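A.B. asks: For reference, the structure I am asking about is given below.
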Ligand code: SF4
Ligand code: NI
C-alpha cells in the first residue's frame, strides 16, 4: 500500500524522498513552476509553485511529501498569488513576447497564459541590459533572464563547465558569465551544452534560429503548459 | 497666389488646425493660415515622424528584425515584415530564394494588398465618395454605407476577410505573424489550406470587379470633380517588374516625370541611396524624399496605386490589364494626376491582387518543403517592396556578431509627404479660400489626404489613434473656436 497525501481533494501517491511537486507531476497533476526541472535539484527561488499546506504557504518544489498532508494547489487565492509573482518577473526584465523568438516555447509566457496575466499590473522597470553576441554560435539576451539558475546548475552539474553564475543582491542580482572578459566567447561553452537548452525563457539562444518554427508548431501552440507532460521540453 | 507652403503676407492671419485627420491610419494634423477675409495664406500637413524605431533596433540580432519591425505599425505589419525579410535575405546571402519561399511570400504580400485596399476603399473612403464630401457628417461613415449600400459593404468586408485569411495561412497569424524569415519562409501551405482559399476565389474576383465598376461609375457621374479635385502635377515613382510590368513584391525602381517620360529606370534596390535623398524642412517632423538628380525643388514624386498603374508598361493579368487600358482611355492616354484617381487605380490593383492570388494558388510550389536558403554572409542589405500605400524601403547594416548597427526606413507615406501637401494646398485654394471653414469644407482637405491612404501610424512609428480635434485661433494665437470628433 503506497503512501499518499491529499491535493485539492485528490489522493496523490508518493515514494519516500519525493517532493510534493514531484509526486503531483508524476500523478499527472500540474503545479505551476519555473525554476524547477526534473533533472536538477530543487531550488525554491521562483516561488511560482507555492501551495498551501495545513493553512501555510510553502514552495512545493522543496517541500518533502509526507503521509497525510493536506495541500491546496488550484485555488483562487493561490492563482492570484502566482499571477502576481509572474507579473513581477515580467516587469523586472524586458519581455516583449510578440518579437521574441522564444514566443510559443517560453515557460514564462506559457505561465502568463495559464494564470491569465492580462496586464502587467506593476510598473515596468525597463532595466538596461545589453546583449552578449560575442560567441559565434550563441547569444545571450539578458533582458529576459528570470534568474532561475537552471543554466548555472546545468553548466556546473551536467556540462562541468561553470559558465554561468549569479552576481549581486536583491534588485541588482543578475546573470554573469565566468570569463575574465565577462564575454561568452571567452568561455568554453558549446552550443550542444545542456545549459543552452535548459533556459526556460529567451536568454540563451542559438544564433540564426530566430523564427524558424512556424506558429502552430511551437511547444505551447498545441496545448497549455498545464497539459504538457513533464520533462518533455523545453 | 503663392505655393501656400509658406505664408507671404504681412496681414494679420489666424490659424486653423485639424489635429487629427479622421479615417486615415494614425495621427496627423493640418494647419491653415487665414487672413481676416478668410483668404488662405498657408496650408501644411504635419505628420510627426519619430524615427525612434531605427535606434531601437540597433543592437538587436538580425533574425529578430522581420518580426520586431512589425511593431512599427499595427496597420501594415505585413509590408514591414516582408521588406525587412528581403533586406536580410541579402545579409544571409540568400540571393535566390526557393520557388516555394518566393511564392509563399508573394501570396502573403498580395493578400495584404487585397485586404488593405479593400479596407481603404470600402471602409475609409466610400462614405465620402458615395454621400458627398460635405454630406451630413453623422451619415458620412461606414455605418452609413452599411445602411444605404448593404451589399457593397458586405462585399468589402468579405474581400478584406479573404485577404486576412491569406495572411493568416502564410504568416501564421492575421497580425504579427512570423512566416517570413531571412532566407525564406518557415511554412508553406497544406493542400487543404490551398483548396480553402481557391474555393473562395471566384467570389473574390467578382467582388473585386464590382469594386472597379463602382469607382468607374463614380468618376463618370462626376468627371469634372474627379479630374480636378486637389489636382497637382508631379513625377511618380515605383518598382516595376520584368519587362516593366506592374509588380508589388520585387523589382527595380523607375520614375517618370509629370508628362510620363521615364526619368530613371532599372535602379537596383541596393543603389537607392544614390538616387533618393531626403530633405528636412523646419516646419515638419517628416522628411521630404526627392530624386537626387533633380534636386528637392523638382525631384519630389508621388507613390502608391496612381503612380504604379501609370509607371508600369502593362499588367500581366488580363482583367486588371483591361481595366488599366480603360483607365488610360478614359483620360485620353494622358498622365493622370488627380488625387481621386488614386481610388480608381487602387481598385485596379485590388483586382490584380485577386488575379495574382489565383495564379499562385494554382501553383503547386506553394505546397513545397524547400523553405530556406543561405549563402555568404554580408554586412548590409536593402529590401524594397511596393506596399499598399507605395514604395517601402528597408535598409540594414549588420556586424560580425549578427547585431544590427544601422537601420534606415523610408515608408510609403513619407514618399508622399510633398504630394499630400500639394493636394491640400490645391483644395485650400479651390474650396476654402474666402470662405468660413465649415466641417464640410474641412472634410474636403481630409478627402484629399485620404485619397493617398496615408498610414500615419507607420510614418510616425507610433501606435494608437486619437480623436479629431479642430482648433481655430486668431492672429495672436488665441483659440477662438474648437470642435472634437472621434476618428474611425
Ligand atoms: S539565463 Fe535562462 S536559465 Fe539562466 S538564469 Fe536566466 S532565465 Fe534561468
Ligand atoms: Ni503602416
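Chains as they are written, first to last, in my numbering: chain A, 2 to 235; chain B, 600 to 1087.
Quick reminder that beta carbons are idealized off the backbone N, C-alpha and C, glycines included.
Here the structure is a predicted model, which means the values were calculated and not measured.
#1: Compare the beta carbon distance of residue 83 of chain A and residue 49 of chain A with 8 Å and say whether it is the shorter of the two.
#2: Under 9 Å Cβ-Cβ, which residues of chain A neighbour residue 670 of chain B?
#3: Report yes if the CB atom of residue 982 of chain B is closer than 8 Å to the CB atom of residue 683 of chain B, and no otherwise.
#4: Compare the C-beta of residue 135 of chain A against all C-beta atoms of chain B and say whether one is closer than 8 Å.
#5: To the nearest angstrom, report how far apart residue 1052 of chain B and residue 787 of chain B are at their CA atoms.
#6: Taking the beta strand (DSSP E) that residue 865 of chain B falls in, what are its first and last residues?
#7: If the criterion is Cβ atoms closer than 8 Å, does the pair residue 717 of chain B and residue 762 of chain B meet it?
#8: Mind the definition here: the region 873-884 of chain B touches the region 915-933 of chain B only if three or more C-beta pairs lie below 8 Å; say whether that holds.
#9: List, in chain order, every chain B residue whose beta-carbon is nearer than 8 Å to that of residue 132 of chain A.
#10: Could you tell me the alpha carbon to alpha carbon distance between residue 55 of chain A and residue 217 of chain A, rounded to whole angstroms?
#11: Starting from residue 801 of chain B, follow the beta strand (DSSP E) in both directions and report where the run begins and ends.
#12: Any heavy atom of ligand 1 closer than 7 Å to the CB of residue 757 of chain B?
#13: Give the DSSP-derived three-state secondary structure of residue 168 of chain A in the structure shown.
#14: According to DSSP, what are the bridge partners of residue 175 of chain A?
#15: Count the other C-beta atoms from every protein chain shown that fall within 10 angstroms of the C-beta of residue 172 of chain A, then say buried if there are 16 or more, exposed otherwise.
#16: Can you tell which of B:958, B:923, B:877 and B:855 has the C-alpha that lies nearest to the C-alpha of residue 910 of chain B?
#17: Looking only at C-alpha atoms, which of B:757, B:833 and B:693 sits nearest to residue 721 of chain B?
#18: Tell me, please, which residues DSSP counts as bridged to residue 779 of chain B.
#19: Please report whether the beta-carbon of residue 128 of chain A lies at a distance below 8 Å from any beta-carbon of chain B.
#20: How about residue 148 of chain A and residue 174 of chain A: do their beta carbons lie closer than 8 Å?
#21: Taking Cβ positions, are residue 1031 of chain B and residue 639 of chain B nearer each other than 8 Å?
#22: Please list, in chain order, all residues of the same chain as residue 1017 of chain B whose beta carbon is under 7 Å from its beta carbon, the five residues on each side excluded.
#23: Which residues in the same chain as residue 41 of chain A place their Cβ atom closer than 6 Å to its Cβ, once the five residues preceding and following it in sequence are excluded?
#24: So residue 689 of chain B packs on residue 661 of chain B, CB below 8 Å; how close in whole Å?
#25: Let me make sure I understand the geometry here. Which of B:839, B:1049, B:602 and B:993 has the alpha-carbon closest to that of residue 1015 of chain B?
#26: Considering only heavy atoms of ligand 2, does any lie closer than 7 Å to the CB of residue 674 of chain B?
#27: Name, please, each residue of chain A whose Cβ falls closer than 9 Å to the Cβ of residue 772 of chain B.
#28: Which same chain residues, not among the five before or five after residue 847 of chain B, have their C-beta less than 7 Å away from its C-beta?
#29: Under 7 Å: does the beta carbon of residue 165 of chain A sit that close to some heavy atom of ligand 1?
#30: If you draw a straight line from the alpha carbon of residue 215 of chain A to that of residue 778 of chain B, how long is it in whole angstroms?
#31: Along chain A, which residues have their Cβ under 8 Å away from the Cβ of residue 667 of chain B?
#32: Taking C-beta pairs closer than 8 Å, name the residues in chain B that residue 207 of chain A reaches, listed in chain order.
#33: Output, in chain order, the set of chain A residues within a Cβ distance shorter than 9 Å of residue 778 of chain B.
#34: Quick one: what's residue 584 of chain B bridged to in DSSP?
#35: Is it true that the CB of residue 94 of chain A sits closer than 8 Å to the CB of residue 145 of chain A?
#36: Taking 8 Å as the CB-CB cut-off, is residue 22 of chain A touching chain B?
C.D. replies: In short, the structure shows the following:
#1: What you label residue 83 of chain A is simply residue 82 of the first chain in a count that begins at 1. What you label residue 49 of chain A is simply residue 48 of the first chain in a count that begins at 1. Cβ distance < 8 Å, so residue 83 of chain A and residue 49 of chain A count as in contact.
#2: What you label residue 670 of chain B is simply residue 71 of the second chain in a count that begins at 1. For a Cβ distance threshold of 9 Å, residue set 97, 99 and 100 of chain A lies close to residue 670 of chain B, ordered along the chain.
#3: The residue given as residue 982 of chain B occupies position 383 in the second chain. The residue given as residue 683 of chain B occupies position 84 in the second chain. Their beta carbons are under 8 Å apart, which means residue 982 of chain B touches residue 683 of chain B by this criterion.
#4: Indexing the first chain from 1 puts residue 135 of chain A at position 134. With respect to chain B, the C-beta atom of residue 135 of chain A has a partner C-beta closer than 8 Å.
#5: Here residue 1052 of chain B refers to the residue found at position 453 when the second chain is read from its first residue. Here residue 787 of chain B refers to the residue found at position 188 when the second chain is read from its first residue. If you take the alpha carbons of residue 1052 of chain B and residue 787 of chain B, they lie about 31 Å apart.
#6: For the purposes of this step, residue 865 of chain B is identified with residue 266 of the second chain, where counting begins at 1. That run of the beta strand (DSSP E) goes 861-866.
#7: For the purposes of this step, residue 717 of chain B is taken as the residue at position 118 of the second chain. For the purposes of this step, residue 762 of chain B is taken as the residue at position 163 of the second chain. Taking a C-beta distance under 8 Å as the contact criterion, residue 717 of chain B and residue 762 of chain B qualify as a contact pair.
#8: As far as the Cβ criterion goes, the region 873-884 of chain B does not touch the region 915-933 of chain B, which means the pair count is below three.
#9: Position 131 of the first chain holds residue 132 of chain A. Within chain B, the residues 658, 659, 660 and 1002 have their CB atoms less than 8 Å from the CB of residue 132 of chain A, given in chain order.
#10: The residue you call residue 55 of chain A lines up with position 54 of the first chain. The residue you call residue 217 of chain A lines up with position 216 of the first chain. For residue 55 of chain A and residue 217 of chain A, the gap between their C-alpha atoms comes out near 42 Å.
#11: Position 202 of the second chain holds residue 801 of chain B. Taken as a continuous stretch (DSSP letters only), residue 801 of chain B belongs to no beta strand (DSSP E), being part of the alpha helix (DSSP H) at 790-820.
#12: Residue mapping note: residue 757 of chain B aligns to position 158 of the second chain, counting from 1. No.
#13: Position 167 of the first chain, counted from the start, is the residue given in the question as residue 168 of chain A. Strand at residue 168 of chain A.
#14: As a position in the first chain, residue 175 of chain A is number 174, starting the count at 1. Residue 175 of chain A pairs with A:168.
#15: Taking the first residue of the first chain as 1, we reach residue 172 of chain A at position 171. Exposed: under 16 other Cβ atoms inside 10 Å.
#16: In the second chain, residue 910 of chain B corresponds to position 311, counting from 1. For the residues B:958, B:923, B:877 and B:855, the minimum Cα distance to residue 910 of chain B belongs to B:855.
#17: As a working note, residue 721 of chain B is residue 122 in the second chain. Nearest option by C-alpha distance: B:757.
#18: Here residue 779 of chain B refers to the residue found at position 180 when the second chain is read from its first residue. Note: residue 779 of chain B sits in a beta bridge opposite B:784.
#19: The sequence position of residue 128 of chain A within the first chain is 127, counting from 1. False, the Cβ-Cβ gap to chain B never drops below 8 Å.
#20: Against the first chain, residue 148 of chain A aligns to sequence position 147. Against the first chain, residue 174 of chain A aligns to sequence position 173. With contacts defined as CB atoms closer than 8 Å, residue 148 of chain A and residue 174 of chain A qualify as a contacting pair.
#21: In the second chain, the residue the question calls residue 1031 of chain B occupies position 432. In the second chain, the residue the question calls residue 639 of chain B occupies position 40. Between residue 1031 of chain B and residue 639 of chain B, the C-beta gap is smaller than 8 Å, which places the two residues in contact.
#22: On the second chain, position 418 is the one that residue 1017 of chain B refers to. Within the same chain, and ignoring the five residues on either side of residue 1017 of chain B in sequence, the residues whose Cβ sits closer than 7 Å to its Cβ are 887 and 899.
#23: Numbered from its first residue, the first chain carries residue 41 of chain A at position 40. Annotation for residue 41 of chain A: 154 place their beta carbon closer than 6 Å to its own, counting only its chain and skipping 5 residues before and after.
#24: As a working mapping, residue 689 of chain B is identified with position 90 in the second chain. As a working mapping, residue 661 of chain B is identified with position 62 in the second chain. About 11 Å separates the beta carbons of residue 689 of chain B and residue 661 of chain B, which is beyond the 8 Å limit, so they are not a contact pair.
#25: Within the second chain, the letter at position 416 stands for residue 1015 of chain B. Its Cα nearest to that of residue 1015 of chain B, the residue B:1049 stands out among B:839, B:1049, B:602 and B:993.
#26: Here residue 674 of chain B refers to the residue found at position 75 when the second chain is read from its first residue. Checking the Cβ of residue 674 of chain B against ligand 2 gives yes.
#27: As a first step, residue 772 of chain B is located in the second chain; it is residue number 173 there, counting from the start. Chain A residues near residue 772 of chain B: 216.
#28: Along the second chain, read from residue 1 onward, the residue named residue 847 of chain B stands at position 248. So the qualifying residues of the chain are 708, 709, 712, 984 and 985.
#29: Stepping through the first chain from its first residue, residue 165 of chain A is reached at position 164. Set against 7 Å, the gap from the CB of residue 165 of chain A to the closest heavy atom of ligand 1 is smaller.
#30: What you label residue 215 of chain A is simply residue 214 of the first chain in a count that begins at 1. What you label residue 778 of chain B is simply residue 179 of the second chain in a count that begins at 1. For the pair residue 215 of chain A and residue 778 of chain B, the Cα-to-Cα distance works out to about 6 Å.
#31: The residue given as residue 667 of chain B occupies position 68 in the second chain. In chain order: 100.
#32: Counted from its first residue, the first chain places residue 207 of chain A at position 206. The premise fails here: residue 207 of chain A is roughly 10 Å from chain B at the closest Cβ pair, so nothing lies under 8 Å.
#33: Numbered from 1 along the second chain, position 179 holds the residue referred to as residue 778 of chain B. Neighbours of residue 778 of chain B on chain A, chain order: 212, 215 and 216.
#34: Any question about residue 584 of chain B goes unanswered here, given that chain B covers just 600 to 1087.
#35: What you label residue 145 of chain A is simply residue 144 of the first chain in a count that begins at 1. What you label residue 94 of chain A is simply residue 93 of the first chain in a count that begins at 1. The answer is yes: Cβ separation under 8 Å.
#36: Residue 22 of chain A sits at position 21 when you count from the first residue of the first chain. Not closer than 8 Å to any Cβ of chain B, the Cβ of residue 22 of chain A fails to qualify, so no.
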